[in-house]
Amino acid sequence: MGNSQLGNRIRSFRKLKGYTQQSLAEEMGVSLSVVGALERGTRKPAESILRKIAITLQVDYEELCAITNK
């Protein structure tokens, strides 16, 4: 999955859960610019950041990253 696709998924889950970029950043302990860059797909997220996003948004890591067992 490309960074922009992943960014779109992060944005969709964030909005679905009622977070703003600012509130997600604060909850995760990162800057607003990090969340914005992830959603725009201009920054490749580390696995630890993706796991923190999944935990914060209460979604499966595999679902967030669209990982399927085929």
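If you're matching positions, the sequence shown starts at 0 in numbering that gives the first Met the number 0 and goes up one per residue. Note that the Cβ used here is the ideal one computed from N, Cα and C, for glycine as well.
Exercise. When you compare each of L56, E61, E62, L15 to V26 by their alpha carbons, which one comes out closest?
Worked result: A small fix is needed here, since residue 26 is Glu in this sequence, not Val. The option with the nearest alpha carbon to E26 is L56.
Problem set entry | Pick from D59, C64, L15 that is closest to S45, judged by C-alpha positions | Note that residue 45 is Ala in the sequence shown here, rather than Ser. Of the candidates D59, C64, L15, the one whose C-alpha sits nearest the C-alpha of A45 is C64.
Exercise. By DSSP, does A65 sit in helix, in strand, or in coil?
Worked result: coil
Exercise. Do you know offhand how far K69's Cα is from E62's?
Worked result: Residue placement at K69 is poorly supported in this model, since its pLDDT is 46, which falls under 50; the coordinates still yield a value, given next. Going from the Cα of K69 to the Cα of E62 covers about 14 Å.
For this session: State yes or no: is the C-beta of G6 within less than 8 Å of the C-beta of L37?
Result: yes
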